[in-house]
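Asker:
Numbering (the working numbering), first residue to last: 28 to 649.
1) Give the list of continuous alpha helix (DSSP H) stretches no shorter than 4 residues that lie fully inside the segment 521-568.
2) What would DSSP say about residue 212, mapped onto helix, strand or coil?
3) Can you check which of these residues, 406, 390 and 384, is closest to residue 396 by C-alpha distance?
4) Helix, strand or coil for residue 43? Go by DSSP, reduced to three states.
5) How long is the line joining the alpha carbons of residue 149 and residue 348, rounded to whole angstroms?
6) What number of angstroms, rounded off, separates the C-alpha of residue 40 from the C-alpha of residue 233?
7) Grab the span of the beta strand (DSSP E) containing residue 421 for me, first residue to last.
8) Find the nearest neighbour of residue 302 within the set 173, 387, 580 and 484, judged by alpha-carbon distance.
9) Out of 289, 228, 288 and 566, point me to the one whose CA is closest to residue 269's CA.
10) Pairing CB atoms from the segment 175-184 with CB atoms from the segment 151-158, are three or more of them under 8 angstroms?
11) Tell me which residues share the same chain as residue 102 and place their Cβ nearer than 8 angstroms to its Cβ, disregarding the 5 neighbours each side in the sequence.
12) In whole angstroms, give me the CA-to-CA distance for residue 205 and residue 43.
13) Return helix, strand or coil for residue 95, following the three-state DSSP convention.
14) Can you check whether the CB of residue 220 is closer than 8 angstroms to the CB of residue 33?
15) Just verifying my parser: in three-state terms, what is the DSSP assignment at residue 653?
16) Specify, as a first and last residue, the run of the beta strand (DSSP E) that residue 501 falls within.
17) Whose C-alpha, out of 57, 273, 51 and 593, is nearest the C-alpha of residue 36?
18) By the DSSP assignment, the beta strand (DSSP E) with residue 515 in it spans what residues?
19) Name the DSSP bridge partner or partners of residue 225?
20) In angstroms with no decimal places, state the Cα-to-Cα distance between residue 264 and residue 466.
21) Just list the residues that DSSP pairs residue 350 with in beta bridges.
22) What would DSSP say about residue 386, mapped onto helix, strand or coil?
23) For residue 602 versus residue 610, is the C-beta spacing smaller than 8 angstroms?
24) Can a CB atom of chain C be found closer than 8 angstroms to the CB of residue 242?
25) For the beta strand (DSSP E) containing residue 394, name the first residue and the last one.
26) Between the segment 322-337 and the segment 627-641, can you find at least three pairs of beta-carbon atoms closer than 8 angstroms?
27) How long is the line joining the alpha carbons of residue 496 and residue 598, rounded to whole angstroms?
28) Spell out a yes or no on whether the segment 400-409 and the segment 363-379 are touching, meaning 3 or more CB-CB pairs, one atom from each, closer than 8 angstroms.
29) When you measure from the CB of residue 590 to every non-hydrogen atom of the ligand SAM, does any distance come out below 7 angstroms?
30) Tell me which same chain residues have a C-beta within less than 6 angstroms of the C-beta of residue 28, skipping the five on either side of it?
31) Would you mind sorting residue 266 into buried or exposed? The rule is 16 or more other CB atoms within 10 Å of its CB.
32) Using the three-state DSSP reduction, which class does residue 159 fall into: helix, strand or coil?
33) Quick test of your reading: residue 490 and residue 474, contact by CB under 8 angstroms. State the CB separation rounded to the nearest angstrom.
34) Count the other C-beta atoms from every protein chain shown that fall within 10 angstroms of the C-beta of residue 365, then say buried if there are 16 or more, exposed otherwise.
35) From the DSSP secondary-structure annotation, give me the bridge partner or partners of residue 444.
Have a look at this one:
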């Protein structure tokens with residue numbers, strides 16, 4: 028049964044130090060040593076960061092920076108930051124024990140969680156030296172987490188997920204979806220979101236509320252409620268899944284999360300797309316956004332720039348987002364970049380190449396076709412001969428990764444031959460983008476099409492074309508209003524406004540997916556995970572005596588098509604789905620096949636689990 032395995036608490040303001048006053052005093056005293064007076068609200072602003080990073084953030088606030096420069100008679104430098112930090116550290120260490128009283132309801136709540144078998148972790152913006160000063164003192168009060176990770180023990184502190192990941196490792200919890208992060212600052216929430224854990228903000232006694240117990244008691248119920256509402260809003264805006272008054276509510280929240288875990292994602296999609304996506308990507312949709320807002324338009328530009336940077340490192344190219352599936356983007360390239368009176372060569376070896384042919388025909392384009400068997404990669408020499416035989420060909424178009432079969436075509440070689448012959452090169456990189464190297468400038472690619480819901484691990488419904496600005500700023504040949512990439516480009520740049528209704532929720536999900544792509548380590552890391560998935564799958568299938576149909580030298584690590592033999596697919600599908608795994612049937616193959624994708628938020632253990640279920644099914648006599 029799916030359930031929460033671990034709860035990771037923040038330290039000051041969450042479990043000890045009601046109101047988080049120990050660091051507050053340290054920051055105020057540090058800046059006072061330079062003649063700069065901080066307000067408590069200013070001092071609390073970056074709370075939750077590694078403390079020296081907190082000081083840097085304070086020193087970067089424009090009016091504080093200006094005051095510091097006036098006092099110093101020069102710009103603020105690293106030496107000044109270090110001096111501020113040393114004053115902060117001295118003040119904090121002097122007062123730390125005095126501010127380390129465990130907050131109400133923490134001891135009882137932790138005891139209740141442990142009775143459920145839940146492991147208890149902790150992250151802190153404190154250094155290890157600071158934490159060592161108070162750990163025993165706090166333990167005597169009844170609170171002692173199973174592990175505690177300090178900000179100076181990882182590469183980077185909040186909002187990065189490294190402290191959370193170290194907690195998960197120390198607590199032996201593999202899946203972040205089975206972890207809850209509880210904190211009292213926006214940084215805490217962002218840390219949990221970055222780790223893809225459930226996040227809970229606690230209001231009373233928090234740094235965000237910024238009141239001690241006496242101050243709370245002095246407020247009228249109406250005043251306190253107004254302040255709490257503001258704090259609730261900040262937590263939810265930062266991405267919190269839940270916000271609670273105090274720790275007494277946490278066990279009930281965990282019961283709700285456990286119920287969600289039993290209901291959510293009853294099966295994993297081991298498919299070519301749509302595919303299994305991270306919870307935080309799906310949750311990113313839960314925000315209403317006005318498309319006229321500068322923040323949203325800035326987000327749109329940021330998404331397009333990040334996509335461009337994945338496949339080319341020059342400002343000669345730009346990304347154009349398009350409302351619709353990947354096929355919309357492919358058809359948009361045909362419509363926009365292919366003149367009716369110039370010949371287009373479509374090189375095909377699968378269903379998606381054949382779809383290009385149909386799209387070109389319906390658009391009224393002048394085209395010729397070079398076909399290969401669906402289990403045979405495109406032969407660059409054959410493409411070269413075709414171009415020599417038909418010199419009037421102006422544009423070459425083909426699919427990089429044929430999702431029909433799982434075959435990968437030689438992108439660099441085919442594009443290079445076409446470009447060397449002076450042709451415009453258009454490529455469908457739908458299922459390969461962000462998992463295979465696609466250096467457009469080096470490879471000679473003028474435009475490529477892909478989708479948010481493949482290897483970027485976003486959601487379906489948003490596609491894009493990355494193209495040279497020369498093409499995008501040139502003449503459009505589109506007969507379709509909606510599929511005119513040049514017109515879409517002129518609207519989207521420079522301010523990020525869509526021509527027609529923006530797919531706001533899907534774009535927000537893609538923003539989150541791109542952030543996770545970067546956090547994972549970009550192309551190299553995603554490629555390594557997918558390859559590990561593929562290698563595990565192939566080894567297990569070989570053990571079961573099930574063979575793939577594409578020769579090894581042309582097999583991608585994106586999707587693999589297997590010979591079904593005498594297996595009844597419908598029966599096998601239902602049996603696997605009962606165990607939580609969904610696969611795809613074959614597509615336009617000359618034999619009975621089935622397909623398994625190795626992309627999405629999946630890992631080698633998922634493929635071992637799939638094949639164990641498949642082995643059980645096969646041994647049952649089908």
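From the three backbone atoms N, C-alpha and C, an ideal C-beta is built for every residue, glycine too.
Answerer: On the basis of the data shown:
1) 531-547
2) Sequence index remark: in the chain shown, residue 212 carries index 185 (1-based). Coil.
3) Here residue 396 corresponds to residue number 369 of the chain shown, with the count starting at 1. Considering only alpha carbons, the answer is 384.
4) Numbered from 1 along the chain shown, position 16 holds the residue referred to as residue 43. Strand, per DSSP.
5) Locating residue 149 in the chain shown gives position 122, where the first residue counts as 1. Locating residue 348 in the chain shown gives position 321, where the first residue counts as 1. Approximately 41 angstroms, taken between the alpha carbons.
6) Sequence index remark: in the chain shown, residue 40 carries index 13 (1-based). Sequence index remark: in the chain shown, residue 233 carries index 206 (1-based). Computed Cα separation, rounded: 5 angstroms.
7) Taking the first residue of the chain shown as 1, we reach residue 421 at position 394. From DSSP, the beta strand (DSSP E) with residue 421 extends over 420-426.
8) Within the chain shown, numbered from 1, the residue matching residue 302 stands at position 275. Among 173, 387, 580 and 484, the Cα nearest to that of residue 302 belongs to 484.
9) For this step, residue 269 is matched to residue 242 along the chain shown. Taking only the C-alpha atoms, the option nearest residue 269 is 228.
10) yes
11) Counting from 1 along the chain shown, the entry for residue 102 is found at position 75. Result list for residue 102: 96, in chain order.
12) Walking along the chain shown from the start, residue 205 turns up at place 178. Walking along the chain shown from the start, residue 43 turns up at place 16. Taking the straight line joining both Cα atoms gives about 24 angstroms.
13) The residue labelled residue 95 in the question sits at position 68 within the chain shown. Reduced to three states, the DSSP call for residue 95 is helix.
14) Position 6 of the chain shown, counting from 1, holds the residue named residue 33. Position 193 of the chain shown, counting from 1, holds the residue named residue 220. Taking 8 angstroms as the Cβ cut-off, residue 33 and residue 220 do not qualify as a contacting pair.
15) Lying outside 28 to 649, the shown extent of the chain, residue 653 is not represented and no answer is given.
16) As a working note, residue 501 is residue 474 in the chain shown. Counting along the chain, residue 501 falls outside any beta strand (DSSP E), and DSSP gives it neither H nor E.
17) For the purposes of this step, residue 36 is taken as the residue at position 9 of the chain shown. The residue with the shortest Cα to Cα distance from residue 36 is 273.
18) Residue 515 sits at position 488 when you count from the first residue of the chain shown. Careful: residue 515 lies outside any beta strand (DSSP E), inside the alpha helix (DSSP H) at 512-519.
19) Indexing the chain shown from 1 puts residue 225 at position 198. 207, per the DSSP bridge assignment.
20) Locating residue 264 in the chain shown gives position 237, where the first residue counts as 1. Locating residue 466 in the chain shown gives position 439, where the first residue counts as 1. The alpha-carbon atoms of residue 264 and residue 466 are separated by roughly 37 angstroms.
21) Reading the chain shown from its first residue, position 323 is the one you call residue 350. Residue 350 is bridged to 489.
22) Locating residue 386 in the chain shown gives position 359, counting from the first residue. Residue 386: helix per DSSP, three-state reduction.
23) Residue 602 sits at position 575 when you count from the first residue of the chain shown. Residue 610 sits at position 583 when you count from the first residue of the chain shown. No, Cβ-Cβ distance for residue 602 and residue 610 is not below 8 angstroms.
24) Structure shown: chain C not included; a single protein chain is present.
25) To locate residue 394, count along the chain shown from 1; it is residue 367. Start and end: 394-398.
26) no
27) Counting from one through the chain shown, the residue named residue 496 turns up at place 469. Counting from one through the chain shown, the residue named residue 598 turns up at place 571. Using only the alpha carbons, I get a separation of about 51 angstroms.
28) yes
29) The ligand SAM is not part of this structure, which contains no ligands at all.
30) Residue numbering aside, residue 28 sits at position 1 when the chain shown is read from its first letter. A caution first: residue 28 carries a pLDDT of 47, below 50, which makes its placement in the model too unreliable to give a value.
31) Stepping through the chain shown from its first residue, residue 266 is reached at position 239. With 16 or more other Cβ atoms within 10 Å, it is buried.
32) In the chain shown, counting from the first residue as 1, residue 159 sits at position 132. Of the three classes helix, strand and coil, the one that applies to residue 159 here is helix, per DSSP.
33) Residue numbering aside, residue 490 sits at position 463 when the chain shown is read from its first letter. Residue numbering aside, residue 474 sits at position 447 when the chain shown is read from its first letter. That pair is no contact at about 13 angstroms.
34) Residue mapping note: residue 365 aligns to position 338 of the chain shown, counting from 1. So residue 365 counts as buried.
35) In the chain shown, residue 444 corresponds to position 417, counting from 1. Beta-bridge pairing links residue 444 to no other residue.
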